[in-house]
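Line by line, the protein sequences give chains A and B.
Be aware that the first sequence starts at 4, since it is given in my numbering, and climbs by one per residue.
Be aware that the second sequence starts at 27, since it is given in my numbering, and climbs by one per residue.
Presented below is the structure to which this report refers.
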Amino acid sequence: MAVDCEAMNDFYNIMAFAIIALPLITSLGFMVVPNLASRTCWLISSIVSLVTFGISVLLFVSYDTMIGGTQFGFTVPWLSQGINITFGLGLTGISASMVLLNGIVLLGACLISTDIETRGRDFYVLLLALGGGVFGVFLSSDLFFFFLFYELAVLPMYLLIAVWGSSTNFGSFNRSKEYGAMKLMMVLVAASVLIWIGIIAIYVETYMNGTPTFVFDELRILSESGLFSSGFQNWVFLCFMIGFGVLSGLWPFHTWSPDGHVAAPTGVSMLHAGVLMKLGAFGIIQIGIVILPLGAQTWMPLLMVLGIVNVIYGAVSAMSQTDLKYIIGYSSVSHMGYVLIGAATLNSIGLSGAVLQMFSHGIMTALMFVLVGAIYHRAHTRDIYVLNGLIKTMPHICVLFIIAGFASLGLPGLSGFIAEFLIFLGVIKISLWIAALAVLGAALTAVYILRLIARTIVGPVDPKLENLPDANKYEKIVSVAFASILIAVGVWPALLLDSINVGISSIMSVL
Amino acid sequence: MQYFWLIPVISFIAFIITSLVGNKILKQAWIFPVVAIILGLGIYCFGLTEYLQSRFDLEHCVRSSVTGMVGCNYSVGWFSAGVTGKETVDSFLGFTVDPLSLSVAGLAIFVALMVQIYSIGYMKDDPRFGWYYSVQALFISSMILLALSDNFLLLYVAWELVGLCSYLLIGFWYEKPDAKEAAKKAFTVTRLGDVGLLIGVLLIWIEVGSFNMSDLFSYVASGQMESWVIFSISGLLFLGAMGKSAQFPFHVWLPDAMEGPTPVSALIHAATMVAAGVYLVARTYPLFVESEAMMLIVSIIGLITAIGAALICCVSIDLKRALAYSTISHLGLMMLSLGAFGYTAAILHLLAHGFSKALLFLGSGNIMHSIDDLDINRMGGLKSVLPGTTILFCIGALSLAGIPLLSGFWSKDEVIVSIVHNRNILFAISSMILVFLSGFYMIRLIITPFFGTQNRDYSNAHKLPMVMLIPMGVLAVFVVLFGWVALYMPGLPSSFGTFLFYSHPKNFHLEPDIASITLVVTLLSFGAGYLFYVKRISIFQTFKTRMKFLITIIENKYYFDELYQILVDKIVLPIASLVALFDRVLVNDIGINGPGHITRSIGSLIRYHVTGRIYVYLGLMTSGMIILGILWLWIVRL
Chain A
4 MAVDCEAMND
14 FYNIMAFAII
24 ALPLITSLGF
34 MVVPNLASRT
44 CWLISSIVSL
54 VTFGISVLLF
64 VSYDTMIGGT
74 QFGFTVPWLS
84 QGINITFGLG
94 LTGISASMVL
104 LNGIVLLGAC
114 LISTDIETRG
124 RDFYVLLLAL
134 GGGVFGVFLS
144 SDLFFFFLFY
154 ELAVLPMYLL
164 IAVWGSSTNF
174 GSFNRSKEYG
184 AMKLMMVLVA
194 ASVLIWIGII
204 AIYVETYMNG
214 TPTFVFDELR
224 ILSESGLFSS
234 GFQNWVFLCF
244 MIGFGVLSGL
254 WPFHTWSPDG
264 HVAAPTGVSM
274 LHAGVLMKLG
284 AFGIIQIGIV
294 ILPLGAQTWM
304 PLLMVLGIVN
314 VIYGAVSAMS
324 QTDLKYIIGY
334 SSVSHMGYVL
344 IGAATLNSIG
354 LSGAVLQMFS
364 HGIMTALMFV
374 LVGAIYHRAH
384 TRDIYVLNGL
394 IKTMPHICVL
404 FIIAGFASLG
414 LPGLSGFIAE
424 FLIFLGVIKI
434 SLWIAALAVL
444 GAALTAVYIL
454 RLIARTIVGP
464 VDPKLENLPD
474 ANKYEKIVSV
484 AFASILIAVG
494 VWPALLLDSI
504 NVGISSIMSV
514 L
Chain B
27 MQYFWLIPVI
37 SFIAFIITSL
47 VGNKILKQAW
57 IFPVVAIILG
67 LGIYCFGLTE
77 YLQSRFDLEH
87 CVRSSVTGMV
97 GCNYSVGWFS
107 AGVTGKETVD
117 SFLGFTVDPL
127 SLSVAGLAIF
137 VALMVQIYSI
147 GYMKDDPRFG
157 WYYSVQALFI
167 SSMILLALSD
177 NFLLLYVAWE
187 LVGLCSYLLI
197 GFWYEKPDAK
207 EAAKKAFTVT
217 RLGDVGLLIG
227 VLLIWIEVGS
237 FNMSDLFSYV
247 ASGQMESWVI
257 FSISGLLFLG
267 AMGKSAQFPF
277 HVWLPDAMEG
287 PTPVSALIHA
297 ATMVAAGVYL
307 VARTYPLFVE
317 SEAMMLIVSI
327 IGLITAIGAA
337 LICCVSIDLK
347 RALAYSTISH
357 LGLMMLSLGA
367 FGYTAAILHL
377 LAHGFSKALL
387 FLGSGNIMHS
397 IDDLDINRMG
407 GLKSVLPGTT
417 ILFCIGALSL
427 AGIPLLSGFW
437 SKDEVIVSIV
447 HNRNILFAIS
457 SMILVFLSGF
467 YMIRLIITPF
477 FGTQNRDYSN
487 AHKLPMVMLI
497 PMGVLAVFVV
507 LFGWVALYMP
517 GLPSSFGTFL
527 FYSHPKNFHL
537 EPDIASITLV
547 VTLLSFGAGY
557 LFYVKRISIF
567 QTFKTRMKFL
577 ITIIENKYYF
587 DELYQILVDK
597 IVLPIASLVA
607 LFDRVLVNDI
617 GINGPGHITR
627 SIGSLIRYHV
637 TGRIYVYLGL
647 MTSGMIILGI
657 LWLWIVRL
């Protein structure tokens, strides 16, 4: 029996490795094989992402919530002479759902990118590198490789936006795609410098102690033994909080995100808003809080306040946008604010709400970008004053857009509600007023979502838009699948909450 | 009774099936929802009989020490979050069967069945017939869930879902700009109230540690809750109730909601969903009665709403909108009754009003169906064209006006009794004014369209199919007979007051003096209406011109829509634009682009030393070496 167990574990270890390696190897393969047509690359990428999706489901389902902790883990020494860097993977209750999220969104992003014609091969090289990098971030059990994968996930974004993106021109308001790409890159790189400083500082601290290590679990044990003084934790956590926070759209460092979303091509927007922004929150929860609990306690009030600013400010800004993608971009800023305040509660309910919100928002916003991308592709505009009565011409797209919109405004029965509700419960334990503002933020979301629906989707149809085609079959498959996930999680949140709770319980043990 | 969960589930399945295949079987799309609701009615009747015969299963049914009624609770786990040993939240899918949920669920199922049958005729030519029935099925499913749920989380879920259905059905003809705006307004306004409700639910969880209603009530009864907490929680819940039940100042959405199909107005915006606010207050009554101040607020809000809306109803020229204002007014009366400790009376009135108002709306639907107009000034003499509708409409209207022996009479009388007994003389006088006004506007709505002088040609009027008239007939029978439950309930030794009550059962007793005053006031109002609208005597015309100013204010609905529009246009939207501008100019252009520009300008300054001339480089190199040499010497020397 023991041997069987061992064999099973080996199998899962290989799977955990394969889910990172497969996209990266395919990406390398695209680079070396000459003369690949865009269509072929699309097909191969879709198959690869289908496989990674399968593995992500397998990993998620096989994660044993009764045992908890880190599972399917293995560690290989990489640089051992006194430096002690290891390559290690492992799945926690939180990363299980995040890996699943990335598996889903990556598959969707590949499938709907059928319209990439120019330099198709390069597009998929970068897209798969991004996807593999994100899997790496969620699965790494070592800070060094965590950071490596993190950069690997962020860097392709620059080219993906600058080459395949689209510029916005509203007469008085211009944003070129190069500008969006540049800003996104500059801000994120500046943020990752902060993270890197924090990581090095932690490493140096362990080095001084004579136990140099980058491994999460060892760092955690060292932290519990009181290696990191509270002064040290305070400044390093601040680095992490801002560094990771920027990636989650933390106010006032959020402006890269709407501009980046808008400029990016659909598939990239999906990954960007759906998964990439979650890396930041994941970093704060899984690394910041676990390794530096004292620092977390010091800075959480600030994070809470900034998070609630995100919620309200993002929602209010979204109210006056006229570009479909900007509305969704600011709505992401607002929704990531919920994740941040959920994390800032430092209690188990708020944290599990935050992780659930990461998943839910990832799917929801990816769905919205699929649909907005489809509308833009057909109508060649995203101006909500030009688009109207779309439901007549594109019923499929519009019905799903309404579902996504209602998920966004926190309608019960869809996943966003449970996530936000748990966050509210976590927050109200800390402060009644912040919770009241958070609830108000959800009502503001209703205002801009309903305004969007009333302006663009319903109403009399514009003759110019009358003959546009509805969604193609890939868009249909992806959007229906995403909407089903929103409903499934909303009706039966235990699907995800069981593993999230387990992940949170190991975090709570340090607080 | 343990099978009650099937009622919403069956309708929900009907919703799914109809959404999927509704467009393919367009004309037959009504089958699944109607069959589902008939099955639901069967289960309901079975459960009701079981309850009335006191066949309780003792494992789940207990007599509540707070309300004194027997309630049966059934629940299964839904989800739990958090970590055991730290803080956790467990939520349940649970339902409760007690007289209150039985009453409201029964009303919803019955009226829904009638409305859905009626809609087969009314909506038959609509291209979105399938969509109509699937949303209807979803609505009834969530409405039953709302009535049955035994915890606040599930109640909130159902609460929002009925709001969604209301939104979808108000905006059913979404090509019409008015309809889509009305839908948006309804959802947004009620959502504002829901902010209060949700915060209230969160506070309950903080205080009690559970969402379960009976946990809250026993906690309140144990006296552990401070009075200001009780006040704030009940106030927050009441905010939600005000939004849903269109109480002042949230009332503005309901008249606009009449843009939806008329059967929808009958079901959702007259009988069931708008009564959910009243139901919520009744459901959490043990909390409200603990706060004397809150009860007074409930009464005052109810009174203001009732009188304000009744006045508008007197001048409204759109039949459906007039009925909507009458609904608001009656909802206000129910709130007033609850605030005046008239628990049984309020629920009895909720039921009587539900039947009667549904009948009235379906009547207006008949008019709409046959002459395609709702302006009562352009009607007149409809009694010869629509004789059946005229009778049915009159039954509904007279019931709500409080004519003896019709159901509205019993409930209204009961309401007035509790107001007179538990509130001061001002409330009593105001409620008499209210009785007068409701008699007056009802008689106006009867006289002007049906009996007034015919001033148009009705030869094009469509004939009404039986499928529309029969459900109305059934409703009318209920309107006539239902009120008698106040005296005697089949299956019970005595009356409604011993079935549904708060703290102790109380038989209905007609107080002759109050009843006769009410009756006289009603008859007076009829007389006034007769003189005003039939005789058109001059004194009233003078009154009308003298009071031009007041009437204009009332006709413009006290300018609340304009006020809110100004609030949105002049305050909310400018703030939003300001924030967006702030984001672009200050946060982005200065905060983010700024460092970029600074770096670039420094770079462009520094680049001038890269001249490409070799002697400049040599010169710089030499001077650099000299500086380094001096520095070295300086450091070594010191």
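Beta carbons: idealized from backbone N, C-alpha and C, even for Gly.
By the C-beta criterion, the region 397-417 of chain A is judged to be in contact with the region 363-383 of chain A, since at least 3 inter-stretch pairs fall below 8 Å.
Non-local beta-carbon contacts of S144 (chain A) in its own chain, meaning distances under 8 Å to residues more than five positions away in sequence, involve T73, G76, T78, G91, L92, G93, V218, F219 and D220 in chain order. In its chain, beyond the 5 residues on either side, L262 have a beta carbon closer than 7 Å to the beta carbon of I225 (chain B). Note that the C-beta distance between A366 (chain B) and I445 (chain B) is below 8 Å. Selection A:L514, A:V513, A:I507 and A:N16 evaluated against A107 (chain B) yields A:I507 as nearest (Cα-Cα). Per DSSP, L94 (chain A) is one residue of the beta strand (DSSP E) stretching across I88 to L94. The Cβ-Cβ distance between A247 (chain B) and L133 (chain B) does not fall below 8 Å. Secondary structure of D176 (chain B) (DSSP, three-state): coil. The beta-carbon distance between L126 (chain B) and A308 (chain B), rounded to whole angstroms, is 6 Å. This is short enough to meet the 8 Å contact definition. By alpha-carbon distance to V308 (chain A), the top candidate from A:A99, A:V336, A:M34 and A:A347 is A:A347.
L228 (chain B) reaches chain A at F427, L428, I431 and A438, counting residues in chain order whose Cβ is nearer than 7 Å. Burial is judged here by how many other beta carbons sit within 10 angstroms of a residue's own beta carbon; I601 (chain B) has fewer than 16 and is exposed. Sorting B:I577, B:L471 and B:P516 by C-alpha distance to the C-alpha of Y559 (chain B) places B:L471 at the top. When C-beta atoms of the region 163-181 of chain B are compared with those of the region 34-48 of chain B, three or more pairs fall below 8 Å, so the two segments count as touching.
The three-state reading of DSSP puts V461 (chain A) in coil, since its state is none of H, G, I, E or B. Going by DSSP, N99 (chain B) is part of the beta strand (DSSP E) stretching over V96 to G108. For C87 (chain B), DSSP records a beta bridge to B:C98. In this structure, the beta-carbon distance from L362 (chain B) to G334 (chain B) does not fall below 8 Å.
Contact note: P281 (chain B) does not reach chain A at a C-beta cutoff of 7 Å; the least C-beta distance is about 19 Å.
In this structure the region 165-179 of chain A does not lie against the region 201-213 of chain A, because fewer than three pairs of beta carbons, one per stretch, are closer than 8 Å. Look at T214 (chain B): its C-beta is under 8 Å from a C-beta on chain A. Considering only B:A209, B:L593 and B:T331, the residue with the shortest C-alpha distance to S192 (chain B) is B:A209. Proximity to G414 (chain B) across B:G428, B:I429 and B:S396 peaks at B:S396, based on C-alpha coordinates. Among the residues of the region 315-337 of chain A, those with a Cβ less than 8 Å away from any Cβ of chain B are Y316, V319, S320, M322, S323 and Q324, in the order of the chain. Ranked by Cα distance from G422 (chain B), the first of B:I166, B:G465 and B:K53 is B:G465. Under the DSSP assignment, W81 (chain A) falls in the beta strand (DSSP E) whose first and last residues are Q74 to L82. Going by C-alpha positions, D501 (chain A) is about 41 Å away from Q142 (chain B).
Within 9 Å of the CB of G617 (chain B), the CB atoms of chain A belong to P255, F256 and T258, in sequence order along the chain. When DSSP states are grouped into helix, strand and coil, N392 (chain B) belongs to the helix group. Apart from the 5 residues on each side of it in sequence, N177 (chain A) sits with its Cβ closer than 8 Å to the Cβ of S170 and T171 in its chain, given in chain order. Per DSSP, V36 (chain A) lies in no alpha helix (DSSP H) and is assigned neither H nor E.
V123 (chain B): member of the beta strand (DSSP E) spanning T114 to V123, first to last residue. Of the residues A:A439, A:I97 and A:T209, the one whose Cα lies closest to the Cα of V358 (chain A) is A:I97. For W31 (chain B), no alpha helix (DSSP H) encloses it, and the DSSP letter there is neither H nor E.
A457 (chain A) is not a Cβ neighbour of M273 (chain A), given a cutoff of 8 Å. Between the alpha carbons of S529 (chain B) and G94 (chain B) lies a distance of about 5 Å.
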